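K.L.:
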Amino acid sequence: MVQLGLRFILQKAIPKRAHTGIYAGKGIMMGHVETFSGKKTKRSWKPNVQRKKYYSEVLEKTVSYNFTTHAMRCIDKAGGFDNYILNTKDSKLHSRAAIDLKKLMNKVLVCKNEGMEIDEIKVKVFPQPKVSCHQYIPKDYTDSFYFDWRGRKQIVHC
Numbered sequence: 085m086v087q088l089g090l091r092f093i094l095q096k097a098i099p100k101r102a103h104t105g106i107y108a109g110k111g112i113m114m115g116h117v118e119t120f121s122g123k124k125t126k127r128s129w130k131p132n133v134q135r136k137k138y139y140s141e142v143l144e145k146t147v148s149y150n151f152t153t154h155a156m157r158c159i160d161k162a163g164g165f166d167n168y169i170l171n172t173k174d175s176k177l178h179s180r181a182a183i184d185l186k187k188l189m190n191k192v193l194v195c196k197n198e199g200m201e202i203d204e205i206k207v208k209v210f211p212q213p214k215v216s217c218h219q220y221i222p223k224d225y226t227d228s229f230y231f232d233w234r235g236r237k238q239i240v241h242c
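Heads up: the sequence shown is residues 85 to 242, going by my numbering.
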């Protein structure tokens with residue numbers, strides 16, 4: 085809880101959606117504003133979140149996440165997206181998406197130091213798409229066995 089003057093008291097809550105983006109520790113601030121007569125009104129301050137794309141030189145592709153404007157300023161201050169993700173502590177990244185991205189970047193850097201090509205790295209490091217077991221298979225009901233088995237009459241139209 086932080087008291088900023090006599091105007092309001094703030095408490096910070098990290099929303100669940102912050103784990104899918106890069107929020108740099110920012111969250112919903114809750115508190116109250118006091119009027120001149122002393123009445124307290126509840127208020128919340130939400131972070132300024134923007135959908136942004138950054139090019140990662142380590143991954144050699146464009147990544148798209150939700151970023152807070154504070155995170156964007158931190159990226160500029162760190163000298164780029166890769167420098168921010170790789171050099172920032174996990175405790176300051178605050179989100180599962182950013183920490184997983186950092187682990188992925190470290191794996192790619194290890195593979196690059198071993199002298200692997202980018203195509204080999206993509207096969208080894210990046211997750212392979214799962215084959216869906218829910219694919220639509222059109223059924224062909226022209227066989228007479230199906231109609232005999234289901235107990236339906238096979239009708240032939242002339």
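Yeah, the Cβ is synthetic: ideal placement off N, Cα and C, and Gly gets one too.
The structure presented is a predicted model; accordingly, all values stated were derived computationally and were not measured.
From the DSSP output, read off the bridge partner residues of E118.
P.N.:
Stepping through the sequence shown from its first residue, residue 118 is reached at position 34. BP columns for E118 point to K124.
K.L.:
With DSSP as the reference, label F210 as helix, strand or coil.
P.N.:
Residue mapping note: residue 210 aligns to position 126 of the sequence shown, counting from 1. Coil.
K.L.:
Would you mind stating whether S175 and Y107 have Cβ atoms separated by less than 8 Å?
P.N.:
As a first step, residue 175 must be located in the sequence shown, where it is residue number 91. As a first step, residue 107 must be located in the sequence shown, where it is residue number 23. No, Cβ-Cβ distance for S175 and Y107 is not below 8 Å.
K.L.:
Three or more beta-carbon pairs under 8 Å between the segment 135-149 and the segment 109-125, yes or no?
P.N.:
No, the segment 135-149 does not touch the segment 109-125.
K.L.:
Taking the Cβ atom as the reference point for each residue, do I159 and Y149 lie within a distance shorter than 8 Å?
P.N.:
Numbered from 1 along the sequence shown, position 75 holds the residue referred to as residue 159. Numbered from 1 along the sequence shown, position 65 holds the residue referred to as residue 149. Result no, Cβ atoms of I159 and Y149 do not sit closer than 8 Å.
K.L.:
Which same chain residues end up closer than 7 Å to R101 when comparing Cβ atoms and leaving out the 5 residues on each side of it in sequence?
P.N.:
In the sequence shown, residue 101 corresponds to position 17, counting from 1. Excluding residues within five positions, none has a Cβ falling inside 7 Å.
K.L.:
What residue range does the alpha helix (DSSP H) around R157 cover?
P.N.:
Working through the sequence shown from its first residue, we reach residue 157 at position 73. 153-162 is the span of the alpha helix (DSSP H), which, as asked, contains R157.
K.L.:
Based on DSSP bridge pairs, tell me the residues matched to M113.
P.N.:
Within the sequence shown, the letter at position 29 stands for residue 113. BP columns for M113 point to K96, W129.
K.L.:
Distance, Cα to Cα, K110 vs T119?
P.N.:
As a working note, residue 110 is residue 26 in the sequence shown. As a working note, residue 119 is residue 35 in the sequence shown. When rounded, the distance between both Cα atoms is 27 Å.
K.L.:
Within the continuous alpha helix (DSSP H) that includes C195, where are the two ends?
P.N.:
Residue numbering aside, residue 195 sits at position 111 when the sequence shown is read from its first letter. Unbroken alpha helix (DSSP H) run through C195: 180-197.
K.L.:
Bridge partners of V147, per DSSP?
P.N.:
Your numbering for residue 147 matches position 63 in the sequence shown. Answer is Y138.
K.L.:
Taking only the alpha-carbon atoms, compute the straight-line gap between M189 and K96 and give it to the nearest angstrom.
P.N.:
As a working mapping, residue 189 is identified with position 105 in the sequence shown. As a working mapping, residue 96 is identified with position 12 in the sequence shown. Taking the straight line joining both Cα atoms gives about 30 Å.
K.L.:
For the candidate residues G164, K136, I183, whose alpha-carbon lies nearest to that of Q173?
P.N.:
What you label residue 173 is simply residue 89 of the sequence shown in a count that begins at 1. Before going further, note that residue 173 is Lys rather than Gln in the sequence given. Among G164, K136, I183, the Cα nearest to that of K173 belongs to I183.
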